[in-house]
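Okay, so here's the structure we're looking at.
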């Protein structure tokens, strides 16, 4: 269980992020077209998992915009933005913003992704949502980098995450 904060108040996650060097757990998430997406669908590509509570909040929206901007410069890399938001909200947001370099997936159907990756917030006002985290995987699904953002209203360290891909 990780301890993070929400505006300085302690909250907790259901576990810990996968460790660097481990194989990332496969997942089944829902794409914006309501199809099922699995990590194994991205085998052969490097993957950045940008995980956050809701695209309808300022910092979450900023992280999607920032990773969208950076994704166009990354070769053989897919940036997956993951939350409990409904796929319709994710699609609406990216459409309204003109964001085309990230792929949105929702964990609303089963919640298994959040449990398997230790991301579910288990107490406080955001209970049931995912914590803010970045996980970078190589072409074979091995974890290269993780960041459990310690303060939920803080942006992730984009530079550190993307540096692992250079």
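In the numbering used here, the protein residues as written are 109 to 274. Glycine residues also receive a C-beta, built at the ideal position from the N, C-alpha and C atoms. Here the structure is a predicted model, which means the values were calculated and not measured.
Item: Measuring alpha carbon to alpha carbon, tell me which residue in 197, 210, 174, 272 is nearest residue 142.; Value: 197
Item: Evaluate residue 145 with the Cβ neighbour count: other Cβ atoms within 10 Å of its Cβ, from every protein chain shown; 16 or more gives buried, anything less gives exposed.; Value: buried
Item: What's the C-alpha gap between residue 126 and residue 268?; Value: 17 Å
Item: Contact between the stretch 151 to 160 and the stretch 241 to 254: three or more CB pairs below 8 Å?; Value: yes
Item: In angstroms, rounded to a whole number, what distance separates the CA positions of residue 260 and residue 152?; Value: 31 Å
Item: For residue 239 versus residue 110, is the C-beta spacing smaller than 9 Å?; Value: yes
Item: If you count every other CB in all the chains shown that lies within 10 Å of the CB of residue 276, and 16 or more means buried, which is it?; Value: Because the chain is modelled from 109 through 274, residue 276 falls outside the range shown and cannot be assessed.
Item: Name the residue from 200, 173, 155 whose alpha carbon lies nearest to the alpha carbon of residue 188.; Value: 155
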